[in-house]
Amino acid sequence: MLEVRQPKYPVISYNHILSEPSINRKDPCEVIRELISNSYDANASNIQIYPLLQEKGFIYFDNGISLSETEEINGITPYVAFFSIGKSTKIQGESIGYKCQGSKLCFASKKITVITKCSDEPWWRYISIDNPQKNINESFNIYSQFDDQPWNILTELFPTAKSQTKNILKKLNQDFFYYSIKRKELKRHSSQRTRI
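Heads up: the sequence shown begins at 12 in the working numbering, then just goes up one per residue.
Next comes the structure, spelled out in C-alpha coordinates:
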(Lines of atoms letter the chains of each structure in order from A and count residues from 1; the text may use other names and numbers.)
(Lines give C-alpha, C1' and ligand atoms only; values in the text may rest on other atoms or scores of the structure.)
Protein backbone atom coordinates (compact mmCIF):
# COMPACT_ATOMS: atom_id res chain seq x y z
CA MET A 1 0.00 0.00 0.00
CA LEU A 2 1.33 3.42 -0.98
CA GLU A 3 1.49 6.00 1.73
CA VAL A 4 0.11 9.47 1.08
CA ARG A 5 2.93 11.92 1.14
CA GLN A 6 2.56 15.51 2.19
CA PRO A 7 4.16 18.16 -0.01
CA LYS A 8 7.42 19.61 1.21
CA TYR A 9 8.67 23.12 0.55
CA PRO A 10 12.07 24.73 0.89
CA VAL A 11 12.58 27.05 3.83
CA ILE A 12 14.23 30.40 3.25
CA SER A 13 15.81 32.24 6.16
CA TYR A 14 15.30 35.94 5.53
CA ASN A 15 17.57 36.82 8.46
CA HIS A 16 20.42 34.63 7.18
CA ILE A 17 20.21 36.03 3.67
CA LEU A 18 19.99 39.56 5.04
CA SER A 19 23.05 39.05 7.20
CA GLU A 20 25.30 37.97 4.32
CA PRO A 21 25.72 41.32 2.52
CA SER A 22 26.03 43.24 5.76
CA ILE A 23 28.59 40.84 7.27
CA ASN A 24 30.71 40.76 4.14
CA ARG A 25 30.74 44.55 3.79
CA LYS A 26 31.03 46.26 7.15
CA ASP A 27 32.91 49.27 5.79
CA PRO A 28 30.65 52.34 6.19
CA CYS A 29 32.01 53.66 2.89
CA GLU A 30 30.39 50.68 1.15
CA VAL A 31 27.00 51.69 2.56
CA ILE A 32 27.41 55.27 1.35
CA ARG A 33 28.65 54.09 -2.05
CA GLU A 34 25.55 51.92 -2.44
CA LEU A 35 23.25 54.76 -1.36
CA ILE A 36 24.90 57.07 -3.91
CA SER A 37 24.34 54.42 -6.59
CA ASN A 38 20.67 54.20 -5.58
CA SER A 39 20.39 58.00 -5.70
CA TYR A 40 21.87 58.02 -9.19
CA ASP A 41 19.37 55.37 -10.27
CA ALA A 42 16.60 57.52 -8.72
CA ASN A 43 17.65 60.52 -10.85
CA ALA A 44 18.78 62.57 -7.85
CA SER A 45 20.43 65.88 -8.65
CA ASN A 46 21.31 66.68 -5.03
CA ILE A 47 22.92 64.34 -2.50
CA GLN A 48 23.87 65.46 1.00
CA ILE A 49 25.65 63.32 3.59
CA TYR A 50 25.95 64.41 7.21
CA PRO A 51 28.35 62.29 9.28
CA LEU A 52 27.33 61.94 12.91
CA LEU A 53 30.66 61.13 14.50
CA GLN A 54 29.46 61.13 18.09
CA GLU A 55 26.47 58.91 17.26
CA LYS A 56 28.54 56.70 14.91
CA GLY A 57 26.14 57.10 12.04
CA PHE A 58 25.09 59.46 9.30
CA ILE A 59 22.12 61.20 7.72
CA TYR A 60 21.83 60.73 3.99
CA PHE A 61 19.59 62.95 1.91
CA ASP A 62 18.79 62.93 -1.80
CA ASN A 63 16.12 64.50 -3.97
CA GLY A 64 15.60 61.54 -6.28
CA ILE A 65 12.38 59.85 -7.19
CA SER A 66 10.96 58.71 -3.91
CA LEU A 67 10.04 55.30 -2.57
CA SER A 68 6.42 55.07 -3.69
CA GLU A 69 4.15 52.69 -1.79
CA THR A 70 1.53 52.60 -4.55
CA GLU A 71 3.22 52.69 -7.97
CA GLU A 72 4.48 49.25 -8.96
CA ILE A 73 7.49 48.81 -11.21
CA ASN A 74 8.32 45.26 -12.29
CA GLY A 75 5.59 43.97 -9.98
CA ILE A 76 6.78 45.67 -6.78
CA THR A 77 6.67 49.17 -5.33
CA PRO A 78 10.01 50.94 -4.75
CA TYR A 79 9.20 51.17 -1.03
CA VAL A 80 8.63 47.43 -0.63
CA ALA A 81 11.64 46.66 -2.86
CA PHE A 82 13.90 48.69 -0.55
CA PHE A 83 13.13 46.27 2.30
CA SER A 84 12.88 43.09 0.20
CA ILE A 85 15.40 40.51 -0.93
CA GLY A 86 15.55 39.38 -4.54
CA LYS A 87 12.98 41.90 -5.80
CA SER A 88 13.91 45.08 -7.60
CA THR A 89 12.32 47.85 -9.60
CA LYS A 90 15.50 48.07 -11.68
CA ILE A 91 16.23 46.38 -14.98
CA GLN A 92 19.71 44.99 -15.59
CA GLY A 93 21.65 47.28 -17.91
CA GLU A 94 19.41 50.29 -17.33
CA SER A 95 20.78 51.30 -13.94
CA ILE A 96 23.80 50.85 -11.72
CA GLY A 97 22.12 48.41 -9.36
CA TYR A 98 19.80 45.54 -10.12
CA LYS A 99 20.74 42.72 -7.73
CA CYS A 100 18.61 44.03 -4.84
CA GLN A 101 21.48 43.93 -2.37
CA GLY A 102 22.87 47.45 -2.03
CA SER A 103 20.24 48.93 0.24
CA LYS A 104 20.49 45.87 2.48
CA LEU A 105 23.90 47.07 3.65
CA CYS A 106 22.00 49.74 5.61
CA PHE A 107 20.42 46.96 7.63
CA ALA A 108 23.71 46.23 9.42
CA SER A 109 23.10 49.41 11.41
CA LYS A 110 21.63 49.65 14.90
CA LYS A 111 18.73 51.65 13.51
CA ILE A 112 17.48 52.77 10.12
CA THR A 113 14.94 55.49 9.48
CA VAL A 114 13.56 56.14 6.02
CA ILE A 115 11.69 59.39 5.37
CA THR A 116 10.18 59.81 1.92
CA LYS A 117 7.58 61.84 0.05
CA CYS A 118 6.26 61.57 -3.49
CA SER A 119 5.38 64.86 -5.16
CA ASP A 120 1.68 63.95 -5.31
CA GLU A 121 1.50 63.08 -1.61
CA PRO A 122 0.38 65.65 0.97
CA TRP A 123 2.32 63.97 3.82
CA TRP A 124 5.78 62.64 4.41
CA ARG A 125 5.98 58.91 5.12
CA TYR A 126 8.51 57.40 7.47
CA ILE A 127 9.54 54.24 9.25
CA SER A 128 12.16 53.63 11.94
CA ILE A 129 13.43 50.12 12.56
CA ASP A 130 15.70 49.17 15.44
CA ASN A 131 18.29 46.50 14.65
CA PRO A 132 16.94 45.88 11.13
CA GLN A 133 19.27 42.95 10.45
CA LYS A 134 17.60 40.95 13.23
CA ASN A 135 14.09 42.36 13.10
CA ILE A 136 13.21 42.55 9.41
CA ASN A 137 11.80 39.32 8.08
CA GLU A 138 8.99 38.23 5.75
CA SER A 139 6.36 38.89 8.44
CA PHE A 140 7.72 42.27 9.63
CA ASN A 141 5.24 45.11 9.04
CA ILE A 142 6.95 47.83 6.99
CA TYR A 143 3.84 49.99 6.71
CA SER A 144 4.93 53.61 6.94
CA GLN A 145 3.58 56.33 9.22
CA PHE A 146 2.58 59.82 8.10
CA ASP A 147 3.84 63.21 9.25
CA ASP A 148 3.86 66.74 7.88
CA GLN A 149 6.95 67.79 9.83
CA PRO A 150 9.86 65.47 8.93
CA TRP A 151 12.36 67.79 10.63
CA ASN A 152 10.77 66.86 13.97
CA ILE A 153 11.21 63.16 13.18
CA LEU A 154 14.94 63.78 12.78
CA THR A 155 15.13 65.69 16.06
CA GLU A 156 13.25 62.94 17.93
CA LEU A 157 15.77 60.36 16.70
CA PHE A 158 18.52 62.12 18.64
CA PRO A 159 17.05 63.17 22.01
CA THR A 160 20.50 63.50 23.63
CA ALA A 161 22.35 64.85 20.60
CA LYS A 162 25.81 66.32 21.07
CA SER A 163 26.65 69.80 19.75
CA GLN A 164 27.82 68.66 16.29
CA THR A 165 24.62 66.68 15.70
CA LYS A 166 22.48 69.52 17.07
CA ASN A 167 24.05 71.86 14.52
CA ILE A 168 23.27 69.43 11.71
CA LEU A 169 19.68 69.03 12.91
CA LYS A 170 19.28 72.82 13.02
CA LYS A 171 20.20 72.91 9.34
CA LEU A 172 17.75 70.11 8.47
CA ASN A 173 14.79 72.18 9.56
CA GLN A 174 11.47 73.18 8.03
CA ASP A 175 13.11 75.57 5.55
CA PHE A 176 15.50 72.83 4.41
CA PHE A 177 12.68 70.40 3.64
CA TYR A 178 10.42 73.06 2.15
CA TYR A 179 13.13 74.57 -0.06
CA SER A 180 14.34 71.19 -1.25
CA ILE A 181 10.84 70.12 -2.27
CA LYS A 182 9.96 73.34 -4.04
CA ARG A 183 13.21 73.50 -5.98
CA LYS A 184 12.82 69.92 -7.17
CA GLU A 185 9.13 70.28 -8.05
CA LEU A 186 9.96 73.25 -10.25
CA LYS A 187 12.40 71.10 -12.19
CA ARG A 188 10.30 67.95 -12.54
CA HIS A 189 7.57 66.75 -10.23
CA SER A 190 9.69 64.43 -8.16
CA SER A 191 10.30 63.88 -4.49
CA GLN A 192 12.94 63.27 -1.92
CA ARG A 193 14.17 60.67 0.50
CA THR A 194 16.10 60.79 3.67
CA ARG A 195 17.85 57.79 5.19
CA ILE A 196 19.46 57.63 8.56
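The beta carbon of each residue, even a glycine, is placed where N, CA and C say it ideally should be. Nothing here was measured: the structure is a model prediction, and the numbers come from that model.
Is it right to say Q185 is buried, meaning 16 or more other beta carbons lie within 10 angstroms of its own, or is it exposed? exposed
Reference F69; option with closest CA among F187, L183 and Y189: L183
Rounded distance between the beta-carbons of I126 and W135, thought under 8 Å: 6 Å
CB of N74 within 8 Å of CB of N49, strictly: no
Taking S120 as the reference, give the member of F151, Q17 and V42 with the closest Cα. V42
8 Å contact criterion, which Q65 and T176 should meet: CB distance rounded: 6 Å
What is the rounded straight-line gap between the Cα of Y154 and the Cα of C40? 29 Å
Outcome for E82 when other beta-carbon atoms lying within 10 angstroms are tallied against a minimum of 16: exposed
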